[in-house]
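Peer 1:
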Amino acid sequence: LEQPIHVAIGARPALRGEAPAKAEGAIDSDEARFLRGIILYEDDEIYVFNKPHGLASQGGSGTYRHMDGLLKNMPNKKGEAPRLVHRLDRDTSGCLVVAKTKAAATHFGTVFRSRSARKIYWAVVAGNPVPKQGTISCFLAKQETRDGEQMVVVPNGTPGAQHSMTHYSTTDTASRRFAWVTLKPVTGRTHQLRVHMAQLGTPILDDPRYFNIPNYEAAAGLGEGLHLHARRISLPLRNGQVLDISAPLPPHMQQSFDALGFDADRYDVQDVDPEKS
2 LEQPIHVAIG ARPALRGEAP AKAEGAIDSD EARFLRGIIL YEDDEIYVFN KPHGLASQGG
62 SGTYRHMDGL LKNMPNKKGE APRLVHRLDR DTSGCLVVAK TKAAATHFGT VFRSRSARKI
122 YWAVVAGNPV PKQGTISCFL AKQETRDGEQ MVVVPNGTPG AQHSMTHYST TDTASRRFAW
182 VTLKPVTGRT HQLRVHMAQL GTPILDDPRY FNIPNYEAAA GLGEGLHLHA RRISLPLRNG
242 QVLDISAPLP PHMQQSFDAL GFDADRYDVQ DVDPEKS
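Heads up: the sequence shown is residues 2 to 278, going by our numbering.
Here it is, written out as structure tokens:
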């Protein structure tokens, strides 16, 4: 049996030998250097980037700097830009998989659509989830609200409704005011984790759309920004091996972890199967 490829946090290895300091065909520009600086893993077919908080995956209205556009600075040998095979929200940081070739994009697109990629997110939420661990299962639909367009929980059968499911567990707490929660999405709906945490009554800190606790005052010393991080991903490669990789916390979440006494190194996530952790 093929052994899984475990990539230590902060490492940047290639599957075959050392990862090159400069990607094949990469343009020598500030944007190319920026991208090379956030590579967690690279082989002949994919990159895994540690996407920063605040950087969109794709363009949209008023969005001019985004990962999809930046990838043009790292063309392959044929001059083709790498391709996104999944997305993260603008304010969600962490593991983002990008294909180098059309064949790889087809393979990994199928991996994500078939839910063969196993994903673990970390969040810091307001309050403590009750129960401490469980599964959230509901239907979501996009609707216009007084705060603009949002995903909302709706009854089954509502036009546009899609089923969503997330497994969650409380990893640590800071009194009753804050909790570090591990999230494992089964489905991949827009804003799913953010809506699910709000639905549980423990919204993610600094969520500009779904934070729903009136007159809430955050503790001093916490970082500013959405506290949601794509911590770990495990996915099958085309050669039959399994890549298992984790991304270090973004600065604002590390600041909050330090302030709340949460230890991101309390266990080695690489030694815990993502389906069992």
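The C-beta atom is built at its ideal place from N, Cα and C for all residues, glycine as well.
With respect to the beta strand (DSSP E) encompassing Phe140, which residues constitute its N-terminal and C-terminal limits?
Peer 2: Numbered from 1 along the sequence shown, position 139 holds the residue referred to as residue 140. Run containing Phe140: 134-146, per the beta strand (DSSP E) assignment.
Peer 1: Looking at the unbroken alpha helix (DSSP H) that takes in Val98, where does it start and where does it end?
Peer 2: The sequence position of residue 98 within the sequence shown is 97, counting from 1. Looking at the DSSP string, Val98 is not in any alpha helix (DSSP H); the run it does join, the beta strand (DSSP E), is 94-100.
Peer 1: Using 8 Å as the Cβ pair cut-off and three pairs as the minimum, do the segment 122-139 and the segment 201-216 touch?
Peer 2: Counting Cβ pairs under 8 Å, three or more are found: they touch.
Peer 1: Going by DSSP, name the residue or residues bridged to Lys120.
Peer 2: Counting from one through the sequence shown, the residue named residue 120 turns up at place 119. Answer is Ile234.
Peer 1: Tell me the rounded alpha-carbon separation between Gly60 and Phe113.
Peer 2: Translated into the one-based positions of the sequence shown, residue 60 becomes position 59. Translated into the one-based positions of the sequence shown, residue 113 becomes position 112. Going from the Cα of Gly60 to the Cα of Phe113 covers about 21 Å.
Peer 1: Please give me, in chain order, every unbroken run of the beta strand (DSSP E) with length at least 3 that falls completely inside the segment 187-253.
Peer 2: Runs found: 229-237, 243-247.
Peer 1: May I have the straight-line CA-CA distance separating Asp245 from Leu71, to the nearest angstrom?
Peer 2: For the purposes of this step, residue 245 is taken as residue 244 along the sequence shown, with counting starting at 1. For the purposes of this step, residue 71 is taken as residue 70 along the sequence shown, with counting starting at 1. Roughly 25 Å separates the two Cα atoms.
Peer 1: Is there a Cβ from chain C that is less than 8 Å from the Cβ of Ala248?
Peer 2: The displayed structure is made up of one protein chain only, and chain C is not part of it.
Peer 1: Since Lys143 and Gly95 should fall inside the 8 Å C-beta cutoff, what is the C-beta to C-beta distance between them, to a whole number of angstroms?
Peer 2: Residue 143 sits at position 142 when you count from the first residue of the sequence shown. Residue 95 sits at position 94 when you count from the first residue of the sequence shown. So it is not a contact: roughly 24 Å between Cβ atoms.
Peer 1: Give me the residue from Val155, His87, Lys185, Ala248 with the minimum Cα distance to His168.
Peer 2: To locate residue 168, count along the sequence shown from 1; it is residue 167. Checked all of Val155, His87, Lys185, Ala248; the closest Cα to His168 is Lys185.
Peer 1: Considering only DSSP beta bridges, list what Ile39 is partnered with.
Peer 2: Position 38 of the sequence shown, counting from 1, holds the residue named residue 39. DSSP, once it has assigned bridges, lists no residue as partnering Ile39.
Peer 1: Quick check on DSSP: helix, strand or coil for Asn129?
Peer 2: Position 128 of the sequence shown, counting from 1, holds the residue named residue 129. Asn129: coil per DSSP, three-state reduction.
Peer 1: Assess contact between the segment 215-225 and the segment 68-82, defined as three or more Cβ pairs (one per stretch) separated by less than 8 Å. Is contact present?
Peer 2: Contact fails: fewer than three Cβ-Cβ distances are below 8 Å.
Peer 1: I'd like to confirm the pairing. Which residues does DSSP put opposite Val182 in its beta bridges?
Peer 2: For the purposes of this step, residue 182 is taken as residue 181 along the sequence shown, with counting starting at 1. BP columns for Val182 point to Ala124, Thr171.
Peer 1: So the beta strand (DSSP E) Met152 belongs to, where does it begin and stop?
Peer 2: Counted from its first residue, the sequence shown places residue 152 at position 151. Element bounds for Met152: 149-155.
Peer 1: Just to confirm my understanding: we take Arg177, look at its own chain, exclude 5 residues before and 5 after, and list those with CB closer than 8 Å. What are they?
Peer 2: As a position in the sequence shown, residue 177 is number 176, starting the count at 1. Once the five neighbours on either side are set aside, the close Cβ partners of Arg177 are Gly128, Asn129.
Peer 1: Whole angstroms is fine: what's the gap from Ser30's alpha carbon to Met75's?
Peer 2: Here residue 30 corresponds to residue number 29 of the sequence shown, with the count starting at 1. Here residue 75 corresponds to residue number 74 of the sequence shown, with the count starting at 1. Between Ser30 and Met75, the C-alpha separation is close to 10 Å.
Peer 1: Measure the C-alpha to C-alpha separation of Leu89 and Leu194 and round it to an integer number of angstroms.
Peer 2: Mapped onto the sequence shown, residue 89 falls at position 88. Mapped onto the sequence shown, residue 194 falls at position 193. Whole-angstrom Cα-Cα distance: 11 Å.
Peer 1: Report the rounded CA-to-CA distance for Thr174 versus Ala265, giving the unit in angstroms.
Peer 2: Counted from its first residue, the sequence shown places residue 174 at position 173. Counted from its first residue, the sequence shown places residue 265 at position 264. Their backbone Cα atoms lie some 13 Å apart in a straight line.
Peer 1: Tell me the DSSP secondary structure of Leu56 in three-state form.
Peer 2: Against the sequence shown, residue 56 aligns to sequence position 55. Of the three classes helix, strand and coil, the one that applies to Leu56 here is coil, per DSSP.
Peer 1: Going by beta carbon distance, what residues of the same chain come within less than 6 Å of Gly226, once the five residues before and after it are set aside?
Peer 2: The sequence position of residue 226 within the sequence shown is 225, counting from 1. His54, Asp207, His253, listed in sequence order.
Peer 1: Using 10 angstroms around the beta-carbon of His87, count the other beta-carbons present and answer buried if the total reaches 16, otherwise exposed.
Peer 2: Within the sequence shown, the letter at position 86 stands for residue 87. So His87 ends up on the buried side.
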